[in-house]
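Numbering (my numbering), first residue to last: 3 to 135.
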(Lines of atoms letter the chains of each structure in order from A and count residues from 1; the text may use other names and numbers.)
(Lines give C-alpha, C1' and ligand atoms only; values in the text may rest on other atoms or scores of the structure.)
Protein backbone atom coordinates (compact mmCIF):
# COMPACT_ATOMS: atom_id res chain seq x y z
CA UNK A 1 0.00 0.00 0.00
CA UNK A 2 1.16 3.49 -0.70
CA UNK A 3 1.17 6.33 1.81
CA UNK A 4 -1.61 8.02 -0.15
CA UNK A 5 -3.94 5.05 0.43
CA UNK A 6 -3.46 5.30 4.19
CA UNK A 7 -4.13 9.01 4.54
CA UNK A 8 -7.20 9.98 6.54
CA UNK A 9 -9.20 13.03 5.65
CA UNK A 10 -10.52 15.19 8.45
CA UNK A 11 -13.78 17.08 8.53
CA UNK A 12 -13.51 20.58 7.14
CA UNK A 13 -15.44 23.45 8.63
CA UNK A 14 -17.51 25.44 6.15
CA UNK A 15 -16.03 28.79 5.25
CA UNK A 16 -18.77 31.30 4.63
CA UNK A 17 -18.08 33.09 1.33
CA UNK A 18 -18.33 36.85 1.74
CA UNK A 19 -19.55 36.87 5.32
CA UNK A 20 -20.61 34.92 8.34
CA UNK A 21 -23.43 32.41 8.65
CA UNK A 22 -26.47 33.46 10.60
CA UNK A 23 -26.77 29.90 11.91
CA UNK A 24 -25.64 28.90 15.38
CA UNK A 25 -23.01 26.25 15.95
CA UNK A 26 -20.31 24.51 13.96
CA UNK A 27 -20.95 23.45 10.34
CA UNK A 28 -18.88 20.99 8.33
CA UNK A 29 -18.62 20.40 4.58
CA UNK A 30 -19.71 16.80 3.96
CA UNK A 31 -17.57 14.70 1.64
CA UNK A 32 -19.52 13.83 -1.52
CA UNK A 33 -19.37 11.51 -4.50
CA UNK A 34 -21.19 12.63 -7.65
CA UNK A 35 -22.11 10.05 -10.29
CA UNK A 36 -23.77 10.53 -13.68
CA UNK A 37 -25.76 8.26 -15.96
CA UNK A 38 -27.63 9.11 -19.15
CA UNK A 39 -30.82 9.75 -17.15
CA UNK A 40 -29.67 11.28 -13.85
CA UNK A 41 -27.03 12.70 -11.56
CA UNK A 42 -26.58 11.19 -8.10
CA UNK A 43 -24.97 12.89 -5.10
CA UNK A 44 -23.84 10.76 -2.15
CA UNK A 45 -22.99 12.87 0.91
CA UNK A 46 -21.44 11.57 4.13
CA UNK A 47 -23.37 13.03 7.06
CA UNK A 48 -22.91 10.74 10.09
CA UNK A 49 -25.34 11.28 12.92
CA UNK A 50 -27.99 12.98 10.77
CA UNK A 51 -31.48 11.47 10.93
CA UNK A 52 -34.11 11.79 8.14
CA UNK A 53 -35.96 14.56 9.99
CA UNK A 54 -32.69 16.51 10.35
CA UNK A 55 -32.10 16.90 6.58
CA UNK A 56 -33.22 19.98 4.68
CA UNK A 57 -32.76 20.14 0.89
CA UNK A 58 -33.76 23.20 -1.11
CA UNK A 59 -33.47 24.31 -4.74
CA UNK A 60 -33.58 28.05 -5.28
CA UNK A 61 -32.34 30.09 -8.25
CA UNK A 62 -30.29 27.20 -9.64
CA UNK A 63 -28.60 26.36 -6.32
CA UNK A 64 -29.16 23.01 -4.58
CA UNK A 65 -28.57 23.42 -0.84
CA UNK A 66 -28.13 20.50 1.54
CA UNK A 67 -28.21 21.00 5.31
CA UNK A 68 -28.01 18.22 7.87
CA UNK A 69 -28.53 18.79 11.58
CA UNK A 70 -27.02 16.47 14.18
CA UNK A 71 -28.83 16.23 17.50
CA UNK A 72 -26.48 17.41 20.26
CA UNK A 73 -25.14 14.96 22.80
CA UNK A 74 -23.27 15.87 25.93
CA UNK A 75 -20.60 13.45 27.16
CA UNK A 76 -20.97 12.30 30.74
CA UNK A 77 -18.06 12.91 33.09
CA UNK A 78 -15.02 15.08 32.54
CA UNK A 79 -13.54 14.70 29.04
CA UNK A 80 -9.86 13.72 29.10
CA UNK A 81 -9.38 13.77 25.32
CA UNK A 82 -11.77 14.96 22.62
CA UNK A 83 -10.68 14.30 19.02
CA UNK A 84 -14.14 14.08 17.46
CA UNK A 85 -15.75 17.44 16.80
CA UNK A 86 -19.52 17.37 16.45
CA UNK A 87 -21.51 19.74 14.29
CA UNK A 88 -24.01 20.14 11.50
CA UNK A 89 -23.42 19.80 7.75
CA UNK A 90 -23.89 22.29 4.91
CA UNK A 91 -23.10 22.11 1.20
CA UNK A 92 -24.46 23.77 -1.92
CA UNK A 93 -24.19 23.00 -5.62
CA UNK A 94 -25.03 24.98 -8.74
CA UNK A 95 -27.33 22.92 -10.97
CA UNK A 96 -27.96 23.54 -14.65
CA UNK A 97 -31.14 23.62 -16.70
CA UNK A 98 -30.53 19.99 -17.68
CA UNK A 99 -31.78 18.89 -14.22
CA UNK A 100 -35.53 18.54 -13.66
CA UNK A 101 -35.74 20.36 -10.29
CA UNK A 102 -39.36 19.25 -9.76
CA UNK A 103 -38.38 15.56 -9.69
CA UNK A 104 -35.39 15.67 -7.31
CA UNK A 105 -35.60 12.90 -4.69
CA UNK A 106 -33.52 12.11 -1.61
CA UNK A 107 -33.08 9.43 1.04
CA UNK A 108 -30.70 8.98 3.97
CA UNK A 109 -29.48 5.66 5.37
CA UNK A 110 -26.60 4.89 7.76
CA UNK A 111 -25.30 8.46 7.60
CA UNK A 112 -25.16 8.63 3.80
CA UNK A 113 -27.52 11.02 2.01
CA UNK A 114 -28.44 10.03 -1.55
CA UNK A 115 -29.85 12.79 -3.76
CA UNK A 116 -31.17 11.86 -7.22
CA UNK A 117 -31.27 14.67 -9.80
CA UNK A 118 -33.15 13.44 -12.89
CA UNK A 119 -32.24 15.00 -16.22
CA UNK A 120 -34.93 16.60 -18.37
CA UNK A 121 -35.95 14.67 -21.49
CA UNK A 122 -34.14 16.91 -23.98
CA UNK A 123 -30.87 16.52 -22.05
CA UNK A 124 -30.94 12.70 -22.20
CA UNK A 125 -28.70 11.57 -25.06
CA UNK A 126 -30.22 9.12 -27.51
CA UNK A 127 -28.70 6.93 -30.15
CA UNK A 128 -29.86 7.48 -33.72
CA UNK A 129 -30.43 4.20 -35.56
CA UNK A 130 -28.78 3.89 -38.98
CA UNK A 131 -30.49 2.02 -41.80
CA UNK A 132 -29.02 0.84 -45.06
CA UNK A 133 -30.23 2.26 -48.28
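Where is the CB? At the ideal position from N, CA and C, for every residue including glycine. A quick note: this is a predicted structure, and the numbers were derived from the prediction, not measured.
| Counting along the chain, where does the beta strand (DSSP E) carrying residue 84 start and finish? | Indexing the chain shown from 1 puts residue 84 at position 82. First-last for residue 84: undefined, no H or E at that position.
| query | In three-state DSSP terms, what is residue 103? | reply | For the purposes of this step, residue 103 is identified with residue 101 of the chain shown, where counting begins at 1. Residue state, collapsed to three classes: helix.
| Anyone know if the C-beta pair for residue 118 and residue 103 falls short of 8 Å? | Working through the chain shown from its first residue, we reach residue 118 at position 116. Working through the chain shown from its first residue, we reach residue 103 at position 101. Not closer than 8 Å, so no.
| Quick one: what does DSSP say residue 56 is sitting in, helix, strand or coil? | Mapped onto the chain shown, residue 56 falls at position 54. Note: residue 56 maps to helix in three-state DSSP.
| Touch test, the stretch 76-88 against the stretch 53-63, Cβ-Cβ under 8 Å, three pairs minimum | no
| field | Own chain partners of residue 28 with C-beta closer than 6 Å, once the 5 adjacent residues on each side are dropped | value | Position 26 of the chain shown, counted from the start, is the residue given in the question as residue 28. Excluding positions up to five away in sequence, the list reads 89.
| said: Report the CB separation of residue 70 from residue 49 in whole angstroms; it is logged as a contact under 8 Å. | reply: Translated into the one-based positions of the chain shown, residue 70 becomes position 68. Translated into the one-based positions of the chain shown, residue 49 becomes position 47. That pair is a contact at about 4 Å.
| Exposure label - residue 132; buried when at least 16 CB within 10 Å | If you number the chain shown from 1, residue 132 lands on position 130. By the 10 Å Cβ count, residue 132 comes out exposed.
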